[in-house]
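Asks: There's a structure below that I have some questions on.
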Amino acid sequence: MVHKCCVDSCWNTKRANLTFHRFPLGDAERLRQWLFALNMDVKTPLHILSKLFVCQKHFQHDDYYDAANQPSRRGRLLKPNAVPTQFRHTHTSETGGPTAHTRVEHSNK
């Protein structure tokens, strides 16, 4: 299966120098935060979310810690409280509602 980023307007696919993250299905509060940040319906079924990925480009550098002391892991690991907040474009969706980027900007004020 080819990993593709599910973030609107992001076309990243799995490659060696890019990390993809699964939704935090085992943590209801953090999952809600991710869905809000990504402007996704909180009622999205878990079996759908389990097939989606978010690439590292949507997380801040501080959202990671190094896994150098864990040889079984490659690269950096996402911190347990990390939520995607990095989005390239500020725009509205086809329905005129705010996208993830504008929602995150407003929630940080």
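Per UniProt numbering: the sequence shown = residues 1 to 109.
All residues carry an ideal CB built from backbone N, CA and C; glycine is no exception.
#1: Asp63: which of Ala82, Ser50, Phe53 and Thr19 sits nearest, CA to CA?
#2: Enumerate, from N- to C-terminal direction, the unbroken beta strand (DSSP E) stretches of 3 or more residues contained entirely within the UniProt domain "THAP-type" (1 to 87).
#3: If you drop the 5 nearest sequence neighbours on each side, which residues of the same chain put their C-beta closer than 6 Å to that of Lys4?
#4: Assuming Leu52 contacts Leu25 under a Cβ cut-off of 8 Å, what Cβ separation, rounded to an integer in Å, is found between them?
#5: Taking the straight line between their C-alpha atoms, what separation do you get for Thr19 and His61?
#6: Does the distance from the C-beta atom of Pro80 to that of Leu38 stay below 8 Å?
#7: On the criterion of 16 or more Cβ atoms from any shown chain inside 10 Å, does Val54 qualify as buried, or is it exposed?
Replies: Result, derived from the coordinates:
#1: Looking up residue 63 in the sequence shown gives position 63. Checked all of Ala82, Ser50, Phe53 and Thr19; the closest Cα to Asp63 is Ala82.
#2: 20 to 22, 53 to 55, 64 to 66 and 76 to 78
#3: Along the sequence shown, one-based indexing puts residue 4 at 4. Contacts found: Thr13.
#4: Taking the first residue of the sequence shown as position 1, residue 52 is located at position 52. Taking the first residue of the sequence shown as position 1, residue 25 is located at position 25. Going by Cβ atoms, the distance from Leu52 to Leu25 rounds to 10 Å, so no, they are not a contact pair.
#5: Here residue 19 is taken as the residue at index 19 of the sequence shown, counted from 1. Here residue 61 is taken as the residue at index 61 of the sequence shown, counted from 1. Those two C-alpha atoms are separated by around 13 Å.
#6: In the sequence shown, residue 80 corresponds to position 80, counting from 1. In the sequence shown, residue 38 corresponds to position 38, counting from 1. No. Outside cutoff.
#7: Stepping through the sequence shown from its first residue, residue 54 is reached at position 54. The residue is buried, with at least 16 neighbouring Cβ atoms inside 10 Å.
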